[in-house]
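What follows is one structure encoded as structure tokens, with my remarks underneath.
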Amino acid sequence: MRRIRDVLDGKTLKQLITIEPTASLGEAARLMSVWNVGALLAIDDGKLVGLMGEREIVRALAAGASASMTRVEDVMVRDVRAVGADSTPEECMVLMTQQRLRHVPVIEGDAVLGIISLGDLVKDVVNEQAYTIEQLERYISRAANA
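Those letters in the sequence shown? Residues 1446 to 1591, by the numbering used here.
See below:
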């Protein structure tokens, strides 16, 4: 049975992309652009204190916030929902669907191992389905040739 740690292992970007809570919204947007990610982990003194996503930036700017003067900690999600590394992709999808989340940190104990996006889960499902189809085609092909 696949686990979220397997999905993390399959990701191209292995590095945690983090930001300090005192950084500006502009810096958050710049980092997201440079790394081509939709969310950043807000880390303070080695601990996960929030999640800064595209939604938070857009909402803040739409409300009149200044990209250079507004700090990440002023608009980040503080009540961060996370999944354990041994959770299943299905459990993660249920959480993301119920809570309307696009990104979820993956934790093990106190350590943040990575972040899972909806796109990562969709890719995992597609890959699993392709593998199943390939195995079924091989089985059918062997049975037809027997």
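Where a beta carbon is used, it is the ideal one built from N, C-alpha and C, also for glycine.
Please work out which residues of its chain come closer than 7 Å, Cβ to Cβ, to residue i, disregarding the five sequence neighbours upstream and downstream, and give them in chain order.
i: Val1525; result: Leu1493, Gly1495, Leu1496 and Pro1550
Over what stretch of residues does the beta strand (DSSP E) that includes residue i continue unbroken?
i: Leu1558; result: Ala1556 to Ser1562
i: Asp1524; result: It is not in any beta strand (DSSP E) - Asp1524 carries neither H nor E in the DSSP assignment.
Does the Cβ-Cβ distance between residue i and residue j come in under 7 Å?
i: Met1521; j: Leu1566; result: no
i: Leu1470; j: Leu1476; result: no
i: Thr1515; j: Ala1505; result: yes
i: Ala1474; j: Val1517; result: no
i: Gly1480; j: Ile1462; result: The identity of residue 1480 in the sequence shown is Trp, whereas the question assumes Gly. Yes, Cβ-Cβ distance for Trp1480 and Ile1462 is below 7 Å.
i: Pro1534; j: Asp1569; result: yes
i: Gly1509; j: Glu1499; result: no
Taking the alpha helix (DSSP H) that residue i belongs to, which residues open and close that run?
i: Ile1502; result: Glu1499 to Ala1507
i: Glu1518; result: Val1517 to Val1520
i: Asp1531; result: From DSSP, Asp1531 is part of no alpha helix (DSSP H); its letter is neither H nor E.
i: Leu1453; result: Ile1449 to Asp1454
Could you pull out every residue in the same chain whose Cβ sits closer than 8 Å to the Cβ of residue i, ignoring the five residues on either side in sequence?
i: Ile1552; result: Leu1493, Ala1527, Val1528, Gly1529, Ala1530 and Leu1558
i: Lys1456; result: Gly1559 and Asp1565
i: Ile1464; result: Glu1472, Ala1473, Leu1476, Leu1485, Leu1486, Ala1487, Ile1488, Met1497 and Val1517
i: Asp1519; result: Ala1505 and Ala1510
Please work out which residues of its chain come closer than 6 Å, Cβ to Cβ, to residue i, disregarding the five sequence neighbours upstream and downstream, and give them in chain order.
i: Thr1467; result: Arg1516
i: Arg1523; result: Gly1495
Below 6 Å, is the gap between the Cβ of residue i and the nearest heavy atom of the ligand SAM?
i: Lys1459; result: Among the components modelled here there is no ligand, and therefore nothing to report on the ligand SAM.
Subject >> contact_flag[the region 1575-1586, the region 1541-1556] where n(CB pairs < 8 Å) is 3 or more >> reply: no
Original post:
When the Cβ atoms of the region 1550-1563 are set against those of the region 1447-1454, are three or more pairs found closer than 8 Å?
Top reply: yes
Original post:
Which full runs of the alpha helix (DSSP H) of 4+ residues lie inside the region 1456-1496, going along the chain?
Top reply: 1470-1480
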